[in-house]
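Residue numbers for the sequence shown follow my numbering, so the first one is 11 and each next one is one higher.
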Amino acid sequence: MRFQKKSAGFRIKKPDTHNANVWLFTEKRCDFLRQTIILGKILIIKAKSGNFFTSAPLTGYHHPSRCLMTESMMKLTAFLLPVSLLCSALPAAQAAITPLSPDTCRAMTALGIITAENPVPCERLVNVDVRFITFEGETRTGTITVTDIIAPETEALFDELYRQKFPLHSVLPIDAFGGDDEASMAANNTSAFNGRRQASQKAWSKHAYGMAIDINPQQNPYRFREKNGRVTISPPQSAAALTNRENIRDGKIETVLPLVFRHGFLRWGGEWKNPVDYQHAEVGSFTFINHLLSLPLPEAQAQYSAYAARYRNCFSKSKTPDEQLRARQCAKKVLR
11 MRFQKKSAGF
21 RIKKPDTHNA
31 NVWLFTEKRC
41 DFLRQTIILG
51 KILIIKAKSG
61 NFFTSAPLTG
71 YHHPSRCLMT
81 ESMMKLTAFL
91 LPVSLLCSAL
101 PAAQAAITPL
111 SPDTCRAMTA
121 LGIITAENPV
131 PCERLVNVDV
141 RFITFEGETR
151 TGTITVTDII
161 APETEALFDE
171 LYRQKFPLHS
181 VLPIDAFGGD
191 DEASMAANNT
201 SAFNGRRQAS
211 QKAWSKHAYG
221 MAIDINPQQN
231 PYRFREKNGR
241 VTISPPQSAA
251 ALTNRENIRD
261 GKIETVLPLV
271 FRHGFLRWGG
281 EWKNPVDYQH
291 AEVGSFTFIN
301 HLLSLPLPEA
311 QAQYSAYAAR
321 YRNCFSKSKT
331 PDEQLRARQC
341 AKKVLR
């Protein structure tokens, strides 16, 4: 993990210590410090935004903080203690990003969830651990698997969904269902990566790239009309929910589309003609996705963040009064 030093212009207030080193870390979790040992004088401050930043030693400045750990507290805790233990003293983080372990990759390969032909190798996949609100109003944790390029924006999306109290039934990787998409939908599970082909075509699904997400399948079902006119709805118990998308109900993706778009998932399956996939949101075209995959990871993440930022800029400047319409207009304008 990387951290960045901020300039002296970033103002913070030094507590009752002299010449303390002040660190504000970029990661929302202390994951990149878990293998680090604290030596000497260090002060950890968590910003109200939930972000951590780093700074060179500063004195006499002010910064609104909600979590403080002074040198004396550090000495009381331990002198040579892995920071992973100290992280528990900080407020619970919204999400964490971790690469898939070799054991997980082997298990997924054995289940056929990912194969040698998959457009994205397992080494490019990460788990994003998230908090979410259930339909009963309880806070739970879950994990969603995406490609490394979009992981930071995915993390931010679920942070916002949690703050907005948008309910999710469950958030589990597809391997919890043996790679069975139908079983995941039947369980009303929100998921992302699945190394499979498109349901109605031979091409790879955007899920096989780890660049698409399915949200609350039962509230936002998949509909496909066959040539003989027969309509298939998945999961089947969602037929009633599909009847009228204008009905206001918990868990309906339309209520949070601006948030979904805000983090780069700019193509929504609910606007397709056939199939219509209300639960599904994806990054963009195969051309754009393959372009991102061809870049070094830092550059790819920067370009994807800029992509999402262009949507946010469009949304903030648009004069369209209806938020939903404004969101869809900007998504179409920015989509690649």
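Note that the Cβ used here is the ideal one computed from N, Cα and C, for glycine as well.
With 16 other Cβ atoms within 10 Å as the buried cut-off, status of residue i
i    : result
A341 : buried
T149 : exposed
T297 : exposed
V241 : exposed
Q334 : exposed
E264 : buried
G147 : exposed
D139 : buried
D224 : buried
K38  : With a pLDDT of 35 at K38, under the threshold of 50, the predicted position of this residue should be treated as unreliable, and no value is reported.
For residue j and residue i, the rounded distance between their alpha carbons
i    : j    : result
H73  : E281 : Confidence at H73 is low in this model, with a pLDDT of 29, below 50, so the placement of that residue is unreliable and no value is reported for it.
Y172 : L269 : 11 Å
R320 : L182 : 30 Å
S244 : R233 : 7 Å
N323 : F275 : 15 Å
E309 : A316 : 10 Å
K262 : D190 : 23 Å
C115 : T155 : 12 Å
P331 : A106 : 36 Å
K329 : T119 : 49 Å
S98  : W278 : Note that S98 scores a pLDDT of 36, beneath 50, so its modelled location is shaky and nothing firm can be said.
A337 : K343 : 10 Å
L178 : T200 : 7 Å
K327 : Q339 : 12 Å
A218 : E256 : 31 Å
T151 : F168 : 11 Å
S295 : A222 : 11 Å
Q311 : H273 : 12 Å
F203 : G239 : 30 Å
F325 : A166 : 17 Å
D113 : T153 : 17 Å
E170 : S111 : 27 Å
V293 : Q174 : 22 Å
C77  : E192 : With a pLDDT of only 31 at C77, under 50, the local geometry of the prediction cannot be trusted, and no value is derived from it.
Residue of the options minimising C-alpha distance to residue i
i    : options                : result
F271 : A310, E127, A117, A318 : A318
A117 : P245, A250, G188, S326 : G188
P109 : L335, N137, T265       : N137
F145 : C132, A291, D224, R259 : R259
L135 : D169, P331, I184       : I184
Y314 : T164, C115, T155, I124 : T164
G220 : N323, F325, I123       : I123
F176 : G294, K327, L267       : L267
F142 : E133, P112, S180, L121 : S180
L345 : S201, Q311, A291       : A291
C132 : T151, K237, G205, F325 : G205
N254 : A166, Y288, L178, K343 : Y288
K283 : L178, E236, D169       : E236
L252 : H273, V286, G239, N238 : V286
L121 : A186, A166, T153       : A186
Examine the Cβ distances between the region 176 to 196 and the region 291 to 309 and report whether three or more of them are shorter than 8 Å.
No: the two stretches stay apart, fewer than three of their Cβ pairs being nearer than 8 Å.
Which runs of the alpha helix (DSSP H) at least 4 residues long sit entirely within the region 122 to 210? Give them in chain order.
For the region 122 to 210, whole alpha helix (DSSP H) runs of length 4 or above, ordered along the chain, are 161 to 173, 191 to 196.
Is it the case that the region 304 to 313 contacts the region 154 to 169, given that we only count it when at least three CB pairs across the two stretches are under 8 Å?
Yes: the two stretches touch, three or more of their Cβ pairs being nearer than 8 Å.
Runs of 4 residues minimum, wholly inside the region 256 to 333: which ones carry the alpha helix (DSSP H) assignment?
Taking only runs of at least 4 residues, the alpha helix (DSSP H) segments lying wholly in the region 256 to 333 are 267 to 272, 296 to 303, 307 to 327.
With three or more beta-carbon pairs closer than 8 Å as the criterion, would you say the region 217 to 232 touches the region 247 to 255?
The region 217 to 232, when compared against the region 247 to 255, does touch it at the 8 Å Cβ threshold.
If contact is defined by three or more beta carbon pairs under 8 Å, each pair taking one atom from either stretch, is the region 214 to 223 in contact with the region 116 to 131?
By the Cβ rule, the region 116 to 131 counts as touching the region 214 to 223, because three or more pairs are nearer than 8 Å.
Can you check the region 211 to 244 for any alpha helix (DSSP H) of at least 4 residues that lies completely inside it and give the ranges in chain order?
As far as the region 211 to 244 is concerned, it has no whole alpha helix (DSSP H) run of at least 4 residues.
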